[in-house]
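Below: one structure, written as structure tokens.
Numbering (our numbering), first residue to last: 385 to 597.
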């Protein structure tokens, strides 16, 4: 674990999976007979984390696996170490159960700060969380090269909002692979404040295949 990070409390904010991509539309289709689709249509629904990990099999799964490995929330929010950004319901636990109607409502909203149906619930839930946290780092596992999440979260968390420096220049697939690798090794990444950070950079070297150096 990087020097100076182990002693601080830390929670994670995860950007959402794209429910309008091919897997997101597929799982909502009446023709879909997979296990996730069946759970989605049941009265109990499926957990948000499981659904998004299915839709984004590498990137979101990597984010959730990594966050579960390294979340260290303060005692005041010990059950709230991981929060998922949603298109219309602000920040939600990955354990939140969602049904087909809820996911269809996700699909109907644009993740854009000009859309109040997205921005306002995010602002409200982030502000409530910030009031509860005290001295705690907030790590965004998502793109900082876009204003979709950063502008709202920066206004709420300020200098407490961090991101993995190794994300700069990487695409989603590379980030997902990196997060899974680090979680498996038990080695946390280095974080920097989003404020003043370089948001775009040169693409880093390809990650080695598992089992190679």
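Here a beta-carbon is modelled for each residue, glycine too, at the ideal position from N, C-alpha and C.
Look at residue 456 here: in three-state DSSP terms it is strand. Short of 6 Å from the beta carbon of residue 493, and not among the five residues preceding or following it, lie these beta carbons of its own chain, in chain order: 471, 472, 501, 502. Taking a 10 Å sphere around the C-beta of residue 532, we find 16 or more other C-beta atoms and assign the residue as buried. In this structure, the alpha-carbon of residue 570 lies about 27 Å from that of residue 513.
The stretch 555-580 contains, as complete alpha helix (DSSP H) runs of 4+ residues, the segments 556-569 (chain order).
Shown here, residue 471 sits in coil according to DSSP, grouped into three states, outside any helix or strand. Taking all protein chains shown into account, residue 419 has fewer than 16 neighbouring C-beta atoms within 10 Å of its C-beta and is therefore exposed. DSSP lists 481 as the bridge partner or partners of residue 431.
Of the other Cβ atoms in all chains shown, 16 or more fall within 10 Å of the Cβ of residue 445; this residue is therefore buried.
Per DSSP, the unbroken alpha helix (DSSP H) holding residue 541 starts and ends at 531-541.
Annotation for residue 395: the continuous beta strand (DSSP E) segment containing it runs 394-398.
Taking a C-beta distance under 7 Å as the contact criterion, residue 469 and residue 577 do not qualify as a contact pair. Following the DSSP letters along the chain, one finds residue 442 in no alpha helix (DSSP H), marked with neither H nor E. Residue 523: member of the beta strand (DSSP E) spanning 521-525, first to last residue.
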